[in-house]
């Protein structure tokens, strides 16, 4: 495990049934467009059209910063968890 | 979106309260030790000691292959979801 300068978070979004690659890309881009304003980086997201769940990993100064970006982008996260442990 | 040769999955493990980097690494290594037997690749996992949740991304021929590796490694996944959409 290396030292990391910024905490990481895993957020979970529900209700995205039938999500397409284009829709997830558009939602992700809406985050990317404003993420610098809170010092957040969203490198990747995954979606399951069947269960309607999407997961998004982020690096951010605080959990509140992650939540604010998603809210302002129009898709508040259902849950956001710190993930200080990574392998 | 690029074409991918193998489906990806996100699995969720509950009950890992207080998980340490060493414990997650040991659990992950137990998967890595046998993943080739089912053609599965587990590139990364994240854990939250507070909620006791861990997430693991994988590439695998089937969802059953992912489940079998985790079961045989001693930590069956609480949930496994296909994630055909990734950005």
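Residue numbers (the working numbering), protein chains in the order written: chain C, 1 to 87; chain W, 1 to 87. Beta carbons are placed, not taken as given, at the ideal position from N, Cα and C, and that holds for glycine.
What does the alpha-carbon distance come out to for the pair residue i and residue j?
i: residue 32 (chain W); j: residue 78 (chain C); result: 31 Å
i: residue 70 (chain W); j: residue 62 (chain C); result: 32 Å
i: residue 53 (chain W); j: residue 8 (chain W); result: 19 Å
i: residue 19 (chain C); j: residue 35 (chain W); result: 29 Å
i: residue 87 (chain C); j: residue 24 (chain C); result: 26 Å
i: residue 21 (chain W); j: residue 46 (chain C); result: 24 Å
Checking contacts by CB at 7 Å: is residue i closer than that to chain W?
i: residue 47 (chain C); result: yes
i: residue 25 (chain C); result: yes
i: residue 127 (chain C); result: Residue 127 (chain C) cannot be examined here, being either before or after the span of chain C that is shown, 1 to 87.
i: residue 38 (chain C); result: no
i: residue 17 (chain C); result: no
i: residue 7 (chain C); result: no
i: residue 21 (chain C); result: yes
Leaving out five residues before and five after residue i in sequence, what residues of the same chain have Cβ atoms less than 6 Å from its Cβ?
i: residue 6 (chain W); result: 59
i: residue 65 (chain C); result: 38 and 40
Hey, does residue i have any beta-carbon neighbour from chain C nearer than 7 Å?
i: residue 70 (chain W); result: no
i: residue 14 (chain W); result: no
i: residue 51 (chain W); result: yes
i: residue 10 (chain W); result: yes
i: residue 85 (chain W); result: yes
i: residue 28 (chain W); result: yes
Count the other CB atoms within 10 Å of the CB of residue i; is the residue buried (16 or more) or exposed (fewer)?
i: residue 27 (chain C); result: buried
i: residue 15 (chain W); result: exposed
Leaving out five residues on either side along the sequence, give the residues of the same chain with a beta carbon under 8 Å from the beta carbon of residue i.
i: residue 68 (chain C); result: 38
i: residue 84 (chain C); result: 7 and 8
Kindly list the residues whose CB is nearer than 7 Å to the CB of residue i, restricted to its own chain and excluding five residues on each side of it in sequence; keep chain order.
i: residue 75 (chain C); result: 13 and 27
i: residue 42 (chain W); result: 28, 31, 32, 35, 56 and 58
i: residue 49 (chain C); result: 17, 18 and 19
i: residue 72 (chain W); result: 34
i: residue 81 (chain C); result: 9 and 10
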